[in-house]
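What follows is a set of notes on a single structure, which appears directly below.
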Amino acid sequence: MASFYGFLKRVYTATHPPTCELSTSSTPIKFGILGAANIAPTALIVPARSHPEVIIYAVAARSLDKAKTFSGKYGIEKVYGGPNAYQELLDDPEVEAVYNPLPNGLHYEWTMKALDAGKHVLLEKPSADTAAETREMFELAEKKGLVLLEAFHYRFHPAVQRAKAILDSGELGAIKSVEATLTVPRGILKDDDIRFDYSLGGGGLMDMGCYTINCLRYLTSSNPTSVLSATPDLVPSKTDSPSLVDAGTTATLAFPSDITGTLTCHLCKPPTLRVIPKLPKT
1 MASFYGFLKR VYTATHPPTC ELSTSSTPIK FGILGAANIA PTALIVPARS
51 HPEVIIYAVA ARSLDKAKTF SGKYGIEKVY GGPNAYQELL DDPEVEAVYN
101 PLPNGLHYEW TMKALDAGKH VLLEKPSADT AAETREMFEL AEKKGLVLLE
151 AFHYRFHPAV QRAKAILDSG ELGAIKSVEA TLTVPRGILK DDDIRFDYSL
201 GGGGLMDMGC YTINCLRYLT SSNPTSVLSA TPDLVPSKTD SPSLVDAGTT
251 ATLAFPSDIT GTLTCHLCKP PTLRVIPKLP KT
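So the sequence shown is residues 1 to 282, counted in UniProt numbering.
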């Protein structure tokens, strides 16, 4: 019971962090948000309240009314709305860093424009639709001396960092296999959700699978050398053309030193009632 209470307390603290006064001894970084995205409050706006070195200064949305409503709800000073809103935010000299939570298919375009404008970028995952686009973005950031960070928040969690330190120390021996699973229960996302839109970089592997692949790479400190197996659960096509989007995927990857990594991701996983937790394989 005590551990369950502790879990609830941690969840509450994460969603209701303490607020703090702005520091007078330093100049906070002013962030601008591209899009009035649902993820922005959880990922940046609410956590920023406990970090005096950060100010959420501006928001841009295609709809001016939506941008005004969003700014009013979260106390954001500057508002940009309309078809040129994103570029107008990037042209604002007061904006030092940009948070890009736009649909996956728009990450590359607007991250490149933000970097060209001299802004640091906190970029939602996945960074882009292709490896080539990703390399181009990070090469531009390095060339300009700017920070470009893909927003895998789990990498900053103390428990994950402690687990990584234990693995790296070798005290448990060599890694033989790693499994990573991330799923969304069925019914949370509607059929017309943009996460199922191929043109916007949709699909379970792109949206959820990027977390699992990143986790496998992080824990093994290496990159996969080959795909041993991959089984997609394709979204039924609404036309005569084959479906290009997966609701979820299970795959096994080979890593150096004979390590295998298995990932499972799904955007509409059927619910299960599990009384006894799943135990790790021995």
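Quick reminder that beta carbons are idealized off the backbone N, C-alpha and C, glycines included.
Whole-angstrom distance between residue j and residue i, CA atom to CA atom
i: G118; j: K143; result: 11 angstroms
i: A163; j: V178; result: 13 angstroms
i: R155; j: K78; result: 31 angstroms
i: L234; j: P18; result: 43 angstroms
i: G201; j: A251; result: 19 angstroms
i: S241; j: D92; result: 44 angstroms
i: F255; j: V227; result: 9 angstroms
i: K30; j: G173; result: 45 angstroms
i: E88; j: R135; result: 26 angstroms
i: S26; j: V54; result: 10 angstroms
i: D258; j: A230; result: 18 angstroms
i: S71; j: N223; result: 41 angstroms
i: L122; j: T69; result: 23 angstroms
i: E109; j: I33; result: 15 angstroms
i: G209; j: R217; result: 12 angstroms
i: S243; j: F152; result: 28 angstroms
i: K66; j: Y74; result: 12 angstroms
i: G145; j: G261; result: 34 angstroms
i: R49; j: S237; result: 43 angstroms
i: P52; j: F196; result: 37 angstroms
i: D232; j: L64; result: The amino acid occupying residue 232 in the given sequence is Pro; Asp does not appear at that position. If you take the alpha carbons of P232 and L64, they lie about 39 angstroms apart.
i: T225; j: A131; result: 15 angstroms
Nearest residue (CA-CA) to residue i, options the options
i: residue 285; options: T15, A85 and K113; result: In this structure the chain extends from 1 to 282, so residue 285 is not present and cannot be described.
i: residue 283; options: N104, K68, A141 and S50; result: The displayed coordinates of the chain run from 1 to 282. Any statement about residue 283 would go beyond what the structure contains.
i: T264; options: L253, D191 and T27; result: L253
i: V11; options: E94, T42 and A114; result: T42
i: Y57; options: D65, S63 and E96; result: E96
i: P270; options: T262, I259, T260 and A247; result: A247
i: V147; options: G170, A159 and M112; result: M112
i: K212; options: T181, D197 and H120; result: The question names Lys, but residue 212 is Thr in the sequence shown. Closest option to T212, Cα to Cα, is T181.
i: S221; options: G145, L167, K125 and V98; result: L167
i: V59; options: I194, D191 and N84; result: N84
i: K176; options: L219, H120 and Q161; result: L219
i: F184; options: A36, E171, G204 and A141; result: Checking the displayed sequence, the identity of residue 184 turns out to be Val instead of Phe. Selected option, being the one with the closest Cα: G204.
i: Q161; options: C215, A128, H120 and T130; result: C215
Distance cut-off 7 angstroms: residue i Cβ against heavy atoms of the ligand GTP
i: A251; result: Inclusion of the ligand GTP in the displayed structure is not the case, the ligand content being empty and no account of it being possible.
Which of helix, strand or coil DSSP assigns to residue i
i: H120; result: strand
i: residue 298; result: Outside the modelled stretch of the chain, which goes from 1 to 282, sits residue 298, for which no answer is possible.
i: T225; result: coil
i: N100; result: strand
i: A60; result: strand
i: L89; result: helix
i: G105; result: helix
i: E150; result: strand
i: K125; result: coil
i: G81; result: strand
Per-residue burial, residue i [other beta carbons within 10 Å of its own, 16 or more giving buried]
i: L90; result: buried
i: S199; result: exposed
i: H157; result: exposed
i: D116; result: exposed
i: D207; result: buried
i: R186; result: exposed
i: E139; result: exposed
i: V245; result: buried
i: E150; result: buried
i: C268; result: buried
i: G6; result: exposed
i: E94; result: exposed
i: P126; result: buried
i: P101; result: buried
i: T249; result: buried
i: I45; result: buried
i: E171; result: exposed
i: G35; result: buried
i: G81; result: buried
i: H266; result: buried
i: A159; result: exposed
is_contact[residue i, chain B] using C-beta, thresh 8 angstroms
i: A36; result: The structure shown contains no chain B; it is built from a single protein chain.
Along the chain, which unbroken stretches of the beta strand (DSSP E) at least 3 residues long are found entirely within the UniProt domain "GFO/IDH/MocA-like oxidoreductase" (160-270)? 177-185, 226-234, 246-255 and 259-269
Which whole runs of the beta strand (DSSP E) in the stretch 7-47 are 3 residues long or more, in chain order? 29-34
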